[in-house]
Structures are given as structure tokens and as C-alpha cells.
Amino acid sequence: AHANTPTTILADKSADKSLQPIVLPTASGITSVNITTPNARGLSNNHYSQFDVGNSGVILNNNRQATNTQIAGFVAANPFMARGEASTILNQINSSKPSHLNGFIEVAGKKADVIIANPSGLVINGTGFINAGNAHLAAAGSQVNQGQVSGYQVGGDVLVLGTGLDNRQVDFTQVIARHVQLDAPIVANELQLIASNGYIDTDGTTTNTSAQGKQITKGRTIAVDIGELGGMYAGKITLISSEIDTLVNNQGQIFSGLGGLQLDIGATLLILAPFLHKAKPPLLPKMQ
């Protein structure tokens with residue numbers, strides 16, 4: 103099923119017209135999104151009713167003139183960029199269902215930070231970002247203040263499975279959810295993983311609320327659950343949990359390079375497999 107998952111991206115017709123991107127096929131047949139005109143702060147704010155990426159991937163078109171891309175070849179200009187490209191591309195999904203990200207997401211044209219936010223959750227299986235500076239994957243609703251994304255209201259879970267998340271092409275990866283289940287690897291340069299139920303500022307500051315994660319014995323909750331096939335491989339890893347009595351359950355591998363591993367949690371760390379701190383990374387899992 104994974105290999106044949108189609109890309110289905112639909113603008114949210116109930117959103118203001120200025121928040122509705124235009125979804126088009128490229129000459130090669132790969133779906134391209136003409137993202138909305140950026141505001142004075144460089145934010146392109148895009149709302150969708152569905153955002154599912156098939157294994158062929160999707161283009162976020164941040165391009166004033168036709169350009170070449172890695173996954174779709176030649177891509178025409180996006181007329182919404184006539185007065186300047188976006189520095190941040192917000193993709194807010196307003197749906198009762200999680201988004202399935204099974205292919206690469208490439209920014210065409212000017213490099214930009216990319217946010218994928220769905221309060222109903224994200225299911226990641228073979229995705230990654232190309233030509234993005236920072237990548238933010240949030241099981242949350244985004245909050246925009248004074249023309250910038252200021253934070254997230256966390257609502258859902260992030261599940262990483264299959265071929266996982268390969269974000270070696272971006273500088274910084276942030277994953278935000280109530281509960282994170284890693285049954286496949288995340289490979290990144292710098293990784294920040296935030297497990298929280300409530301409001302989170304963009305810098306990771308959490309507003310503490312009662313634990314709502316995955317219940318386990320004695321009323322404790324697991325904020326981050328790393329299965330045997332899961333793991334985190336990054337030059338630097340930061341884990342943040344706002345809950346007082348939560349667990350990070352690691353049965354997989356956590357590898358952090360020279361940047362080290364930082365825990366900023368009110369959580370107990372339940373380690374059933376070793377943390378690895380080496381200058382040289384282990385043999386990376388096969389991603390694609």
C-alpha cells in the first residue's frame with residue numbers, strides 16, 4: 103500500500119481565499135503547490151483540508167521564475183511570488199484525519215523553512231525535505247501573531263514507521279506532538295523532539311497541562327516511545343517534555359554525535375537500549 107499511495111492535496115475551501123494555495127500537476131506529473139503570497143514577514147500561510155504525500159513526493163513552489171527541481175524536473179513559476187518569495191512556508195491542515203507523509207517534500211526556488219501542522223496527527227513513512235532550511239512537523243494547530251508563526255496548540259500524535267524520516271538535507275528538524283511513536287528511524291542533522299499536551303511556543307517553551315499521552319501502569323504516560331526498529335540519529339538531539347510524570351521508552355537506538363543529547367523533561371527516562379555518543383555515526387538504516 104505504501105508504494106502506491108497517491109498524493110492528495112486539497113486547499114481548504116472554507117478558509118479565507120488568501121489562505122488557499124493552488125494545487126497543480128507539473129509537466130512530470132508530480133503534484134506542485136503554488137503556495138500563497140507571502141506577507142511582509144515572509145510567511146506564506148497555506149490552509150488545506152487534506153495533505154497526503156505519496157511516494158513520488160510533492161513540490162512547494164516558492165519560485166518567481168521557472169526552475170529545475172530534484173524530484174519533479176522543470177517547474178513553472180508561481181505567480182503568487184511575483185513580489186518576492188517566502189522565507190517560511192506554513193502548511194496548516196484542518197482535518198479530522200491525520201496526514202500521511204510517504205514521499206519527499208521539495209521547495210522549488212528559494213530555500214525556505216517548512217511547517218507541516220495537523221492537529222489530528224502525522225503518519226510519517228518515507229518522507230524528508232529538500233531545499234528547506236528548517237523543517238517543523240507538528241501534530242498541532244499553528245498560531246500566527248503579527249505575521250509570524252508564534253506557536254502551536256498540540257492536539258495529536260506523530261507516528262514514524264516504515265522507512266521513517268530522512269532529513270539529512272535540512273539543518274534543523276523539529277517534531278511536536280502529544281505522543282511520539284518511533285517504529286522507524288529519524289535521521290537528521292539537529293533534531294528537537296517535543297512531547298507535550300498544550301500550547302508550545304516556536305522555540306519549544308511549553309505551557310504545562312495534565313498528561314494526556316499514552317497511558318501505562320500507575321497512571322504514568324509515555325511521551326516518546328521508541329520501538330526496536332525505531333531510533334533517532336542526529337548530530338545533536340534535544341528531547342523536551344512538559345509533563346511531570348511521563349516516560350521516554352527507548353527500545354531502539356538513540357545516536358547523537360558531537361552535539362550530544364540534551365534532556366529537558368519532567369520525565370523519567372526508561373532506557374531499555376543504550377544511548378550512543380560517538381564522533382562517528384553508526385551504519386545508518388536504509389531509508390529509501
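Quick note: the sequence shown uses our numbering, first residue 103, plus one each step.
Even for Gly, the Cβ is constructed at its ideal location relative to N, Cα and C.
If you check the beta carbons only, do residue i and residue j fall under 9 Å apart?
i	j	result
N204	F153	no
A279	A240	yes
I342	T308	yes
L284	V326	yes
G230	D259	no
L67	A290	Because the chain here runs from 103 to 390, residue 67 falls outside it and cannot be looked at.
Q122	H149	yes
N163	G228	no
V251	I218	no
Residue i: which of the options sits nearest, CA to CA?
i	options	result
V135	T110, F357, V225 and R143	T110
A174	I132, N148, G144 and R185	I132
I161	A210, T190 and M334	A210
I226	G306, Q245, F206 and K212	F206
V282	T265, G249, I328 and Q250	I328
A129	V155, T169, A117 and T139	T169
I195	Q245, L331 and R185	Q245
I296	S116, R185, G253 and N165	G253
G249	R143, D118 and P108	R143
N208	V251, Q271 and Q255	The identity of residue 208 in the sequence shown is Glu, whereas the question assumes Asn. E208 has its Cα closest to that of Q271, out of V251, Q271 and Q255.
L293	S344, A336, S189 and T190	A336
Could you give the distance in angstroms between the alpha-carbon of residue i and the alpha-carbon of residue j?
i	j	result
I288	G243	23 Å
N233	Y301	29 Å
T275	H238	6 Å
H379	G354	With a pLDDT of only 47 at H379, under the threshold of 50, the placement of this residue in the model should not be trusted; the figure read from the coordinates follows. Their backbone Cα atoms lie some 14 Å apart in a straight line.
Y171	I137	Before going further, note that residue 171 is Thr rather than Tyr in the sequence given. In a straight line, the C-alpha of T171 is about 16 Å away from that of I137.
I124	A113	7 Å
V350	N236	25 Å
G264	P221	22 Å
K115	N147	14 Å
P140	M183	8 Å
P360	N299	A small correction: the amino acid at residue 360 is Leu; Pro does not occupy that position in the sequence shown. So the alpha carbons of these two residues sit roughly 30 Å apart.
Q317	N165	Any reading at Q317 must be qualified, since the residue scores a pLDDT of 39, below 50, and its modelled position is unreliable; no value is offered.
D305	T107	34 Å
Need the endpoints of the beta strand (DSSP E) that residue i sits in, please.
i	result
S197	Neither: S197 is in no beta strand (DSSP E) and is coded neither H nor E.
A210	F206 to G211
Q276	L267 to A279
D285	From DSSP, D285 is part of no beta strand (DSSP E); its letter is neither H nor E.
A234	A234 to A240
P127	I124 to P127
Any chance the CB of residue i is under 8 Å from a heavy atom of the ligand HEM?
i	result
I124	The model depicted lacks the ligand HEM and carries no ligand whatsoever.
Stretch-stretch touch, CB-based, cutoff 8 Å, three pairs: the region 177-184 with the region 194-201:
no
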